[in-house]
Ligand code: NDP
Ligand code: 8X3
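Numbering (our numbering), first residue to last: 39 to 287.
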């Protein structure tokens, strides 16, 4: 049986992926900051697979390394890493950007992804196998107005996806990215700091992706034979053509 570590498993794409993986019989290490959500998901999915939870903020590098390095024996072999934790904070012209928002996006989406990956590279290298999926974004392929630092953070994820694939290649580790377009999760609630109406309006007038749509694609990616590596996938709602063109009713 395989084991996957999923960051950002308490909501949206990460949570949907945990559910799909449980149906595939993949044991789970679920990560996030909201402990009660981790406990509830563990309770739900433990009926199917073995589940372990790690409650940490990906920005806290000592805690990230310490917790991943001291996993119980049963969860020490990690076959799949889903680097998913992340969010946008704010949507303003760069000249009006909030420095704390910039720090949060770069610290979580880029540095947090690196800290978690660092804790897992050594394991996968000594195993001589592993699969890392980085959740990028259409925002990491094309900058859109006011997206500035969020887009920069996702461009960095794109660069790191390429870099990991090159550097880990000789260790037979698969590395690839799944880059979603507009997906209705808690993403916009976080971006707009709890303004639910504003968040909802992002997905009005068209059928956005559901987190389950992305989870299903991640399931497809991880279930290919080991000689097949899906390196970089962009997935948008049919109503979306690129980062700025969305056909709304
Ligand atoms: P959600 O807000 O629904 O989920 C974000 C997840 O990230 C939560 O589980 C949250 O857990 C976790 N997270 C956020 N900050 C931290 C932190 N500091 N430490 C640990 N975990 C953290 O959003 P999505 O599911 O949409 O986002 C998942 C990924 O998908 C992100 O990387 C996002 O950039 C990307 N994405 C989203 C798109 C969209 O349109 N929704 C499109 C393209 C990419 P907790 O708060 O419990 O810590
Ligand atoms: C999330 C998609 O277009 O809101 O990465 O930036 S978008």
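Where a beta carbon is used, it is the ideal one built from N, C-alpha and C, also for glycine.
Legend entry - Three-way DSSP call (helix, strand, coil) for residue 133 in this model: In the three-state reduction of the DSSP assignment, residue 133 falls in the helix class, which pools H, G and I.
Legend entry - residue 202, buried or exposed, once every other Cβ within 10 Å from all chains shown has been counted against 16: Answer is buried; the Cβ neighbour count reaches 16.
Legend entry - Sheet register partners of residue 90 (DSSP bridge): Beta-bridge pairing links residue 90 to 67.
Inset, instruction - Please find out if some non-hydrogen atom of ligand 1 comes closer than 7 Å to the beta-carbon of residue 228. - result: Under cutoff, so the answer is yes.
Inset, instruction - Locate the alpha helix (DSSP H) running through residue 196, then write down its first and last residues. - result: Secondary structure note for residue 196: its alpha helix (DSSP H) is the uninterrupted segment 186-206.
Legend entry - From 236, 52, 211, residue whose alpha carbon lies closest to that of residue 124: Here the closest residue by C-alpha is 52.
Legend entry - Opening and closing residue of the alpha helix (DSSP H) in which residue 57 lies: From DSSP, the alpha helix (DSSP H) with residue 57 extends over 50-62.
Legend entry - Every unbroken alpha helix (DSSP H) within the segment 102-178, with a cutoff of 4 residues, ordered by chain: The qualifying runs are 137-143, 151-165.
Legend entry - Exposed unless 16 or more other CB atoms sit within 10 angstroms - verdict on residue 78: Answer is exposed; the Cβ neighbour count stays below 16.
Inset, instruction - Pull every residue with its beta-carbon under 5 Å away from any heavy atom of ligand 2, and keep them in chain order. - result: Taking each Cβ in turn, the ones that pass are 175, 177.
Inset, instruction - Please state if the CB of residue 230 and the CB of residue 286 are separated by a distance shorter than 8 Å. - result: For residue 286 and residue 230, no; Cβs fall outside 8 Å.
Inset, instruction - Kindly give me the distance between the Cβ atoms of residue 67 and residue 41, rounded to whole angstroms, as I take these residues to be in contact under 8 Å. - result: At roughly 7 Å, the Cβ-Cβ gap stays under 8 Å, so residue 67 and residue 41 are in contact.
Inset, instruction - Rounded to whole angstroms, what's the CA-CA distance from residue 238 to residue 147? Just pull it up for me. - result: Residue 238 and residue 147 have their C-alpha atoms some 23 Å from each other.
Legend entry - N-terminal and C-terminal residue of the beta strand (DSSP E) that residue 43 is part of: Annotation for residue 43: the continuous beta strand (DSSP E) segment containing it runs 41-44.
Inset, instruction - Just list the alpha helix (DSSP H) runs in the segment 203-239, keeping only unbroken ones of 4 residues or longer that don't cross its boundaries, in chain order. - result: Those alpha helix (DSSP H) runs which fall completely within the segment 203-239 and span 4+ residues are 225-229, 234-239.
Inset, instruction - Please work out which residues of its chain come closer than 7 Å, Cβ to Cβ, to residue 135, disregarding the five sequence neighbours upstream and downstream, and give them in chain order. - result: Excluding sequence neighbours, residue 135 sits near 128, 186, 187.
Inset, instruction - State the Cα-Cα distance for the pair residue 258 and residue 171, rounded to the nearest angstrom. - result: One C-alpha to the other measures close to 12 Å.
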